[in-house]
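If you use full-length UniProt numbering, the sequence shown corresponds to residues 1 to 321, in order.
We put the CB at the ideal spot given by N, CA and C, even for glycine.
The structure displayed is predicted, hence computed values, not measured ones.
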Amino acid sequence: MKLYISTAILVICSLLLISSCTKTILFQANSLPAGYTFPQKDTFSILAWNVEHFVDEHDNPYINNNREDKPREVEKRIGLLAEILKKINADVVVLEEFESRALAMRIAKEKLNDLGYRFFGGTESPDWYMNVVIMSKLPMGVVYSYGSIYTPVLGIKDSLGRIETQSNINTRIISSEIRVNEQFSFILTGVHLKAGRAVRDSAMRVGQIQLLHAQSKRFLAEDKNTNLVIAGDFNATPESGEFQFLLKGDKKVTFIDPLAGTNLFSHPSEKPRWRIDHIIANKNMQKYLIPNGVKVAEGLDIKTLQQISDHLPIVAKFAIR
């Protein structure tokens, strides 16, 4: 018994010593997999891609939709997606309209095993198949889910005159800390904001953007030097009011669009005419972005891309020299 007590006291004292000697950084509470070593490089890349109704071959009994119930050409699409992911070879991948974390893990194991994707995040909807999933070669921290949060549908009132709220599509927002090395990390938020061009759709996106602002402030309140990246399908063009609202935020949180003023388009893949897919960063993170480092993925077979999705993939490259 004395041995157990002495051991417990030693462990507690060690923990107190460690906590007193370290900064309050989120990832320091996380252990790495046994034997894991960080990549010996000072650059990394992020891929964001809406892969359009990407499901597995299994019928989820809690989802009632023909695309999910009776999917077509599943193995063919998985093969094509794996082919493109191999060529891009991004360190972190954000997939939108993707069914599940489990499917990402399966593809990584069966088709991409040599690339090193071993960390995954997903907070799926209980009754819908279009979700946002993160797969990463780099260690991930806490995964934040927003599916339980109600956001306002600004300007839209219900039959009792109250501003409407919704939580159904907030499962399509996911955040996680990504550890690049022992000294550098960033918070990545993957998004698939409300689709549609109607007033109600825009109002729902603005409500979701308010959530993004609020959560970004929370991250920055913990550490004002926190690096933030938001990536995915925003369903908003660069000049739209809601996208500008997201960028400008307020004094505490603003974001920068590295493709502002360019003619790089991401949708539709057959004849791109606008950009609704973005990778943006706050000023803390922007300084690590390689000049001209955000692009529609290059050197890929356009026919293959079109077979996979009506969106083109966006890639951002960063350097932490």
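The shortest C-alpha to C-alpha distance from E75 to any of A102, N60, K111, L95 is the one to K111.
DSSP links Q166 through a beta bridge to T151. In this structure V253 touches N282 by the C-beta definition: roughly 7 Å separates them, less than 8 Å. Judged by beta-carbon spacing, V153 lies beyond the 8 Å limit of F98, meaning their Cβ atoms are not closer than that value. Note on geometry: alpha-carbon atoms of R172 and Y146 lie some 8 Å from one another. If you compare the alpha carbons of E96, N66, N65, R106 with that of A82, the shortest gap goes to R106.
In this structure, the beta-carbon distance from I88 to I308 does not fall below 8 Å. For H213, the uninterrupted alpha helix (DSSP H) run begins and ends at 199-222, by DSSP. Counting C-beta pairs closer than 8 Å gives fewer than three between the segment 197-215 and the segment 260-279, which falls short of the contact rule. Distances from the CA of L103 to each of D91, F119, A90, D114 were compared; the closest alpha carbon is that of F119.
For I302, no beta strand (DSSP E) segment is defined; the enclosing uninterrupted segment is the alpha helix (DSSP H) at 302-308.
Counting only unbroken stretches of 3 or more residues, the beta strand (DSSP E) elements lying wholly within the segment 86-135 are 92-98, 119-122, in sequence order.
Here the alpha carbon of E73 sits roughly 35 Å from the alpha carbon of I149. For F318, the enclosing beta strand (DSSP E) has its first and last residue at 314-319. The beta-bridge partner set that DSSP reports for N50 consists of E96. Below 8 Å, too few C-beta pairs join the segment 236-252 and the segment 50-59 to call them touching: fewer than three.
Boundaries of the beta strand (DSSP E) harbouring E177: 173-179, taken from the DSSP string.
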